[in-house]
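Heads up: the structure comes next, in structure tokens.
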Amino acid sequence: MNIDPNTALARAYATSDAHRTVVEIAHSGDRGNQIKHRHVSLSTDQVLERSQRADGFAGSLRSGDSAEVTYDFSNRPETGATTSQFTETQKGVIRETLNNFSDAANIRFKESANAQSHHMQFKVDGSFKWQAPWYAPVSDDEPGRVQVTLTQSHADGLEKPNNFGRHVIAKAAAFKLGLPDPTSATPENKYAENTLAYTVRSPFLETRSDHRFNKTHGEDNQYSSTPMMDDIAIMQDKFGANLQTRTGDTTYGFNSNADREVFKLESVDDLPVFCVWDAGGRDTFDFSAFKQDQVINLRSGSFSNVGGGIGNVSIANGVTIERAIGGAGNDILIGNDSDNELEGGEGDDTLYVKANSGFNRLSGGPGKNTFVIGANDSSASFENTAITDFVSGKDKLDISALRAAHPQLTVTQKYYPSHNLTLLRFDFDGDKKDDFMMSISGRIVRSDFHP
1 MNIDPNTALA RAYATSDAHR TVVEIAHSGD RGNQIKHRHV SLSTDQVLER
51 SQRADGFAGS LRSGDSAEVT YDFSNRPETG ATTSQFTETQ KGVIRETLNN
101 FSDAANIRFK ESANAQSHHM QFKVDGSFKW QAPWYAPVSD DEPGRVQVTL
151 TQSHADGLEK PNNFGRHVIA KAAAFKLGLP DPTSATPENK YAENTLAYTV
201 RSPFLETRSD HRFNKTHGED NQYSSTPMMD DIAIMQDKFG ANLQTRTGDT
251 TYGFNSNADR EVFKLESVDD LPVFCVWDAG GRDTFDFSAF KQDQVINLRS
301 GSFSNVGGGI GNVSIANGVT IERAIGGAGN DILIGNDSDN ELEGGEGDDT
351 LYVKANSGFN RLSGGPGKNT FVIGANDSSA SFENTAITDF VSGKDKLDIS
401 ALRAAHPQLT VTQKYYPSHN LTLLRFDFDG DKKDDFMMSI SGRIVRSDFH
451 P
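Below, the structure is given as structure tokens:
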């Protein structure tokens, strides 16, 4: 397993406290070939391999099947049952939850009473006991036709974001698509990623992997209605990735233009719980209205702590989000290997990118901010990182990883008064050629470097 140079430097205590802290956070979601949360950690590839060997539910889609599932809404009670109708709003929520799955993979949910061989019928039953089978074939003769039953309280709550009823719909969709129960993928269920943070199919809460889907301990738990990163990986392995989903410039969070309700935030009281699949464009995580200290991690396959949650927002493998906007807390923003734009907002923020990871623009905001520049692989091409609002005497520039990674490092500094701009040129290997460059607003002095 390749180790990021920053991880190696941090483990050797060769860099600053700020660098070590941000690197630990940036790589906290790394998985495979280790013990995490007292269990063996599986990489995404290992989860895929085990899922290919595990059996899905009877009557579920198999690889090679026509990737279309019909569905309808039942109003017919069983003997002794009390069945009510879904409202049109509740039906709309169910439709959108199913569409969250179609967004990620080449599958289709079609509303039709003319059931095909693979069909889901949704029902709300006031007398239903949750201990009873909630996902079951309509008959033994037609295992591909399944009925999904919600209690009355779960149906009533469908209009609320992150309600358990929405989660039931998502779990049913995953099972119908042939995604196996993760408890069958590994003996005794004992792998670290078998939690709701990684898959809607897990019987284990996200707290098992040290995530938290509520703002504070003691609040009602929130649940995802989107497929999570392992669900998305398995679906795409079976049916192929949907490369038509949100190919434009999409904003997730506040000021969202996303086409799904689950990705939109309206109030500081909202708590996002979702995993993003996005097929292209220049995309943004906007969590600017929150006042809590947040971690916004743009690395593919990573988790972010948003709005008081822990690991409640994640990015599917293969997805690139380029821009992050923090809020009023002391936020940590972590870039990826694309052209990033990181905006800290209010608070004393830490912004982290690696040298030559892309053309990066960093804006800390009005607080006392620390800009941490990580080391990169020697093969990375020459790029510029710009800090647009550096304030000498208040903000700090941390290049400790570059000093540790390149013992021959020399830094040439020049201030251009006409532009109120400082250029820093970095020669990593002593050959008197520029290997990396930074442009910084204002004049920077020696005491602005940290440590």
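Numbering follows UniProt numbering, in which position 389 of the sequence shown is assigned residue number 389; successive positions increment by one, without gaps.
Glycine included, each C-beta is placed from N, C-alpha and C at the ideal position.
Quick caveat, the model's predicted, so the values are computed rather than measured.
- For residue 232, there is no enclosing beta strand (DSSP E); the residue is part of the alpha helix (DSSP H) that begins and ends at 229 to 239.
- If only complete runs of 3 or more residues are kept, the stretch 298 to 340 shows the beta strand (DSSP E) at 313 to 315, 323 to 325, 332 to 334, in order along the chain.
- The shortest C-alpha to C-alpha distance from residue 388 to any of 380, 369, 401 is the one to 369.
- Taking a cut-off of 8 angstroms on C-beta distances, the stretch 309 to 328 does not touch the stretch 2 to 17, as fewer than three cross pairs fall below it.
- Taking residue 34 as the centre and dropping the five residues before and after it, the same chain places the C-beta of 41 closer than 7 angstroms to its C-beta, in chain order.
- When rounded, the separation of the alpha-carbon atoms in residue 143 and residue 182 is 21 angstroms.
- As DSSP reads the structure, residue 351 sits in a beta bridge with 333, 371.
- Residue 223 and residue 275 have their C-alpha atoms spaced approximately 12 angstroms apart.
- Looking from the CA of residue 28, the closest CA among 230, 296, 395, 184 belongs to 296.
- Nearest to residue 232 by C-alpha distance, out of 99, 377, 135, is 99.
- In this structure the stretch 235 to 248 does not touch the stretch 336 to 356; the number of beta carbon pairs closer than 8 angstroms is below three.
- Taken through DSSP and simplified to helix, strand or coil, residue 359 comes out as coil.
- Residue 136 has 147 as its beta-bridge partners, per DSSP.
- Straight through space, the alpha carbons of residue 429 and residue 265 are spaced by roughly 47 angstroms.
- The C-beta of residue 38 has fewer than 16 other C-beta atoms within 10 Å across all chains shown, which makes the residue exposed.
- Per DSSP, residue 45 lies in no beta strand (DSSP E); the unbroken alpha helix (DSSP H) holding it starts and ends at 44 to 53.
- In the DSSP assignment, the residues bridged to residue 264 are 253.
- Taking the Cα positions, residue 281 is about 42 angstroms away from residue 75.
- With a 10 Å radius around the Cβ and a threshold of 16 neighbouring Cβ atoms, residue 225 comes out buried.
- By the Cβ criterion, the stretch 400 to 412 is not in contact with the stretch 379 to 388, since fewer than three pairs of Cβ atoms, one from each stretch, lie closer than 8 angstroms.
- Where residue 98 is concerned, the enclosing alpha helix (DSSP H) starts and stops at 88 to 104.
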